[in-house]
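Right, one structure below, let's go through it.
Protein chains: 2
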Amino acid sequence: MSFSFEVEARDGAARAGRLRTPHGEVATPVFMPVGTRASVKALSAADLRAANASIILGNSYHLYLRPGADVVRQAGGLAAFNAWRRPTLTDSGGFQVVSLSALCEIDDDGVTFRSHLDGSPHRFTPESVVRLGRDLGPDIMMPLDVPPVPDRGAAETERANRLTLEWARRAVAELARTEGTSSTGRPQALFGIAQGGFTAAARRDSAAALVDLDLPGYAAGGLSIGEEKELTREMLQVTLDSLPAGKPRYLMGVGTPEDIVDGIGRGVDMFDCVLPTRNARNGQALTSRGPLNLRGERFARDFGPLDPDCGCEACREYSRAYVRHLVKTGEMLGGRLLSLHNVTFYLDLVARLREAIVRGTFESMRANVLSKLGENSR
Amino acid sequence: MSFSFEVEARDGAARAGRLRTPHGEVATPVFMPVGTRASVKALSAADLRAANASIILGNSYHLYLRPGADVVRQAGGLAAFNAWRRPTLTDSGGFQVVSLSALCEIDDDGVTFRSHLDGSPHRFTPESVVRLGRDLGPDIMMPLDVPPVPDRGAAETERANRLTLEWARRAVAELARTEGTSSTGRPQALFGIAQGGFTAAARRDSAAALVDLDLPGYAAGGLSIGEEKELTREMLQVTLDSLPAGKPRYLMGVGTPEDIVDGIGRGVDMFDCVLPTRNARNGQALTSRGPLNLRGERFARDFGPLDPDCGCEACREYSRAYVRHLVKTGEMLGGRLLSLHNVTFYLDLVARLREAIVRGTFESMRANVLSKLGENSR
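Top line first, the protein sequences correspond to chains Z and R. For the first sequence, the numbering used here gives the first residue as 24, with consecutive numbering after it. For the second sequence, the numbering used here gives the first residue as 24, with consecutive numbering after it.
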């Protein structure tokens with residue numbers, strides 16, 4: 024089975040869709056838990072299935088370094104290697120090259136960098152990243168792109184847009200050249216990543232040029248990197264307005280529950296973020312009534328569930344007092360239970376919003392969800 | 024339901040029994056996973072049930088410090104607090120007081136120590152430890168005992184034996200005085216701990232004196248603390264020979280798979296050890312063919328299961344190559360999968376030996392098990 028996307032229902036700008044991939048179907052909007060190094064931190068494949076995850080991410084940069092593309096290829100691809108067995112998406116690695124590696128140098132042909140692990144020299148090109156995607160075997164791969172360095176003006180944004188487009192074209196060509204070489208033996212889709220920094224015109228230009236390539240899906244990249252939330256949302260809207268209605272739209276690396284509600288309202292179909300698992304490891308439960316810091320003394324004798332609205336194993340079986348004890352004593356089970364809950368909460372939230380879109384009640388659901396999310400801070 | 028023990032089958036000195044506790048039945052011989060701070064490290068209650076654990080340990084010293092006896096009491100006891108809900112045993116805390124705390128001073132009445140966490144002063148007496156057991160609510164509690172300081176001669180051993188016996192008598196009296204005050208509302212059993220250092224006569228004296236108290240079970244304490252394995256086994260045998268056949272016999276803090284096979288052959292009914300979970304966190308799989316260090320390069324492309332003879336989730340779902348990747352990259356799932364496997368391996372090993380005892384084939388099973396355990400080192 025190959026790749027397809029259809030919009031099944033609309034409510035305002037929000038849409039409910041269905042993405043078909045060779046590893047299974049994904050109902051959209053969808054939140055994709057992040058399995059940076061082929062593991063959604065602290066969670067097993069069974070946990071992710073119990074949480075009703077439908078697609079998870081892997082990070083090309085990290086997997087390239089460890090265990091190495093050849094090991095994942097030999098395993099039969101990422102979804103076989105980590106026993107997930109369902110749809111996967113890999114990012115381009117470009118973001119990690121810029122943010123993690125030492126001595127990163129971008130030229131017109133590609134990017135040279137040193138590993139953050141051992142300083143060893145490496146090079147990614149648009150073509151090598153597609154071949155890496157062939158080895159890793161995700162259903163959806165992202166091309167190597169170039170976000171503009173912030174605050175370097177219009178020339179930098181123009182250069183980044185130009186390279187992002189050229190590299191997307193080269194990735195498309197390499198994808199065609201390497202057809203049939205996926206480690207999974209199944210077809211793979213290549214999305215485009217629209218950049219453009221924080222200028223509306225450059226955002227429009229980047230998206231429009233990529234749309235000409237007629238890719239099976241598009242992402243908004245380079246957002247939520249420290250800028251004001253209003254600016255994020257303005258730039259997101261400009262990008263979304265420039266993308267075709269019939270293709271999936273992916274907002275990369277976003278975000279809080281509120282950000283996801285906002286994005287769905289604008290017609291975003293796919294999200295990924297490390298926030299639920301990262302915050303879990305810091306002792307934070309993300310709940311329908313807002314975040315709870317389980318380190319707080321007030322939970323020491325709170326024998327209620329993390330989130331009374333949640334049916335995950337952590338909320339069904341364990342109390343806030345016990346999870347607090349685990350967090351305070353540094354027991355691994357604490358981060359695990361909070362990760363399971365937080366990921367379940369994100370997935371349930373998006374599933375409920377999808378259902379509201381189908382029923383045409385998205386606006387009232389959004390208002391209810393946002394009001395409740397603010398409860399703990401009122 | 025109260026506490027009882029019966030031996031159902033014997034094969035040589037080995038025996039298969041059944042321990043009835045207010046939280047459920049325990050088929051013996053049994054391995055008890057250690058949940059030091061109310062969590063068997065990295066494992067959930069569901070994991071432990073899937074591994075067919077029947078009774079788990081909690082550590083009095085650690086739980087007394089965090090979250091505190093009152094929190095566990097308010098939760099309804101240890102088995103409610105950690106959602107295990109089945110039989111539990113708590114140790115006396117004496118071993119941790121001596122090995123972990125600062126400035127531990129033993130007088131005839133009790134032990135004064137400083138917390139290893141914050142240096143705060145605390146005192147345990149035989150009575151306070153029983154009351155702590157009432158708060159923690161285990162089915163079986165161990166009394167505060169006094170292992171002799173090694174290499175201090177006969178007078179020290181005599182003093183330790185005398186205090187261990189006196190304190191056991193005081194614990195029995197306090198147990199009677201506090202009847203009906205368990206946090207679980209259910210009866211609790213108090214075992215005896217036979218000490219005696221590494222002198223056969225002192226071992227016999229300690230056991231015999233405790234047996235006069237007619238306790239519902241007896242442990243061999245003060246073994247496997249660094250002495251030669253031959254000496255451990257000799258002293259264990261002396262202790263076992265001095266204990267009544269109709270009561271459960273518990274070898275505390277032991278040991279390797281080989282030690283457990285040996286102990287079962289001598290008629291030990293209960294074992295606990297942190298080895299399977301501790302070694303898991305260090306990247307070691309304990310298998311039917313001996314230990315495997317998953318950090319080894321030779322596992323990088325080994326797509327077989329951790330242990331082909333094991334049916335646990337880790338072995339069913341994941342490869343050695345993937346677990347190695349998790350261990351090498353420090354992913355929490357690595358320690359979790361290895362903990363699940365190692366605990367399952369211990370529990371399965373003991374269950375298989377129990378079945379052999381029932382069938383009268385213990386000797387051939389032991390020979391097979393030991394031969395196979397040596398395979399990886401041959």
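The beta-carbon is built from N, C-alpha and C at its ideal position, and this holds for glycine as well. Computed from a predicted model, the values in this text were never measured in an experiment.
Rounded straight-line distance, which links the Cα of residue j to that of residue i
i: Val152/R; j: Thr384/Z; result: 59 Å
i: Gly142/R; j: Gly58/Z; result: 40 Å
i: Val172/Z; j: Gly220/Z; result: 8 Å
i: Phe322/Z; j: Gln97/R; result: 13 Å
i: Arg389/Z; j: Ala39/Z; result: 15 Å
i: Leu266/R; j: Asn391/R; result: 29 Å
i: Thr298/Z; j: Ala73/Z; result: Correcting the residue identity first, residue 298/Z is Leu in this sequence and not Thr. Between Leu298/Z and Ala73/Z, the C-alpha separation is close to 19 Å.
i: Asp228/R; j: Ser124/R; result: 29 Å
i: Asn399/Z; j: Arg137/R; result: 39 Å
i: Val134/R; j: Gly313/R; result: 41 Å
i: Ser115/Z; j: Tyr84/Z; result: 7 Å
i: Ala268/R; j: Arg41/R; result: 13 Å
i: Pro161/Z; j: Ala61/R; result: 40 Å
i: Asp285/R; j: Gly35/R; result: 13 Å
i: Asp237/Z; j: Arg339/R; result: 42 Å
i: Thr187/R; j: Thr113/R; result: 17 Å
i: His252/Z; j: Thr222/Z; result: The sequence given here places Lys at residue 252/Z; His does not occur at that position. C-alpha separation (whole angstroms): 15 Å.
i: Thr310/R; j: Tyr341/R; result: 15 Å
i: Thr111/Z; j: Arg185/Z; result: 28 Å
i: Leu361/R; j: Ala303/R; result: 5 Å
i: Gly47/Z; j: Val373/Z; result: 19 Å
i: Asp264/R; j: Met275/R; result: 16 Å
i: Gly240/R; j: Gly334/Z; result: 41 Å
i: Arg256/Z; j: Ala37/Z; result: 15 Å
i: Arg109/Z; j: Ala102/Z; result: 6 Å
i: Ala183/Z; j: Ala243/Z; result: 14 Å
i: Leu329/R; j: Ala308/R; result: 7 Å
i: Ala178/Z; j: Arg226/Z; result: 14 Å
i: Gln260/R; j: Arg289/R; result: 7 Å
Neighbour-count burial assignment, residue i, 16 or more Cβ in a 10 Å radius
i: Gly249/R; result: exposed
i: Arg175/R; result: exposed
i: Asn365/Z; result: buried
i: Lys270/R; result: buried
i: Ser122/R; result: exposed
i: Asn20/Z; result: Since the first residue of chain Z shown is 24 and the last is 401, residue 20/Z is not available in this structure.
i: Met27/R; result: Contrary to the premise, residue 27/R reads as Ser rather than Met in this sequence. Burial call: exposed.
i: Ala191/R; result: buried
i: Pro144/R; result: exposed
i: Arg343/R; result: buried
i: Ser394/R; result: exposed
i: Arg146/R; result: exposed
i: Glu354/Z; result: buried
**OP:** Could you list the residues in the region 50-63 of chain R with a C-beta less than 8 Å from some C-beta on chain Z, going in chain order?
**Re:** Considering only beta carbons, the part of the region 50-63 of chain R lying closer than 8 Å to chain Z consists of Arg60, Ala61, Ser62, in chain order.
Original post:
Along the region 99-126 of chain Z, what residues have a CB closer than 8 Å to any CB found in chain R?
Top reply: If you check each beta-carbon in the region 99-126 of chain Z against every beta-carbon of chain R, the ones closer than 8 Å belong to Phe104, Asn105, Ala106.
Subject >> the region 341-358 of chain Z touching the region 367-382 of chain Z, judged by at least three CB pairs closer than 8 Å >> reply: Contact between the region 341-358 of chain Z and the region 367-382 of chain Z is absent, because fewer than three Cβ pairs lie under 8 Å.
**OP:** Return the chain-ordered ranges of every alpha helix (DSSP H) run that is complete within the region 143-227 of chain Z and spans a minimum of 4 residues.
**Re:** Runs of the alpha helix (DSSP H) inside the region 143-227 of chain Z: 149-159, 176-200.
Original post:
For the region 163-171 of chain R against the region 87-103 of chain R, are there 3 or more C-beta pairs whose distance is under 8 Å?
Top reply: Touching, no, given that fewer than three Cβ pairs across the two stretches are closer than 8 Å.
**OP:** Check whether the region 293-311 of chain R touches the region 52-67 of chain R, taking contact to mean three or more Cβ pairs, one atom from each stretch, closer than 8 Å.
**Re:** Short answer: they touch.
**OP:** Check whether the region 153-161 of chain Z touches the region 189-198 of chain Z, counting contact only when three or more Cβ pairs, one atom from each stretch, lie closer than 8 Å.
**Re:** Contact between the region 153-161 of chain Z and the region 189-198 of chain Z is present: three or more C-beta pairs spanning the two stretches fall below 8 Å.
**OP:** With 7 Å as the C-beta to C-beta threshold (strictly closer), list the residues of the region 297-329 of chain R near chain Z in chain order.
**Re:** When C-beta distances to chain Z are compared with 7 Å, the residues of the region 297-329 of chain R below that value are Ala323, Arg324, Phe326, in chain order.
Original post:
Counting pairs of Cβ atoms below 8 Å between the region 231-242 of chain Z and the region 201-210 of chain Z, do you hit three or more?
Top reply: Look at the beta carbons and you see the region 231-242 of chain Z not touching the region 201-210 of chain Z: under three pairs across the two are nearer than 8 Å.
Original post:
Hey, which unbroken runs of the beta strand (DSSP E) at 3 residues or more fall wholly within the region 233-280 of chain R?
Top reply: Runs found: 241-243, 272-274.
**OP:** Taking only beta carbons into account, state which residues of the region 87-99 of chain Z come closer than 7 Å to chain R, listed in chain order.
**Re:** Listed by position along the chain: Arg89, Pro90, Val94, Gln97, Ala98.
Original post:
Which ranges would you report for the alpha helix (DSSP H) in the region 42-130 of chain Z if only whole runs of at least 4 residues count?
Top reply: For the region 42-130 of chain Z, whole alpha helix (DSSP H) runs of length 4 or above, ordered along the chain, are 68-73, 83-88, 92-98, 101-104, 117-123.
**OP:** Output, in sequence order along the chain, the residues in the region 358-381 of chain Z whose CB is closer than 8 Å to any CB in chain R.
**Re:** So the list reads Gly358, Arg359, Leu360, given in the order they occur along the chain.
Subject >> Secondary structure, beta strand (DSSP E): runs of 3+ residues fully inside the region 295-379 of chain Z >> reply: Complete beta strand (DSSP E) runs here, min 3: 307-310, 313-316.
Original post:
Residues in the region 62-84 of chain R with C-beta within 8 Å of chain Z's C-beta atoms, listed in sequence order?
Top reply: Of all residues in the region 62-84 of chain R, the ones placed with a Cβ closer than 8 Å to any Cβ belonging to chain Z are Ser62, Lys64, Ala65, Leu66, Ser67, Ala68, Ala69, in chain order.
Subject >> Segment contact, 8 Å Cβ cut-off, at least three pairs: the region 298-311 of chain R with the region 64-79 of chain Z >> reply: Contact fails between the region 298-311 of chain R and the region 64-79 of chain Z, because fewer than three Cβ pairs, one in each stretch, are under 8 Å apart.
Original post:
For the region 200-212 of chain R, which residues have a beta carbon sitting closer than 8 Å to at least one beta carbon of chain Z?
Top reply: Listed by position along the chain: nothing, the set is empty.
**OP:** Mind checking the region 126-149 of chain R against chain Z and listing, in chain order, the residues whose C-beta falls within less than 8 Å of any C-beta there?
**Re:** Cβ contacts with chain Z: none found.
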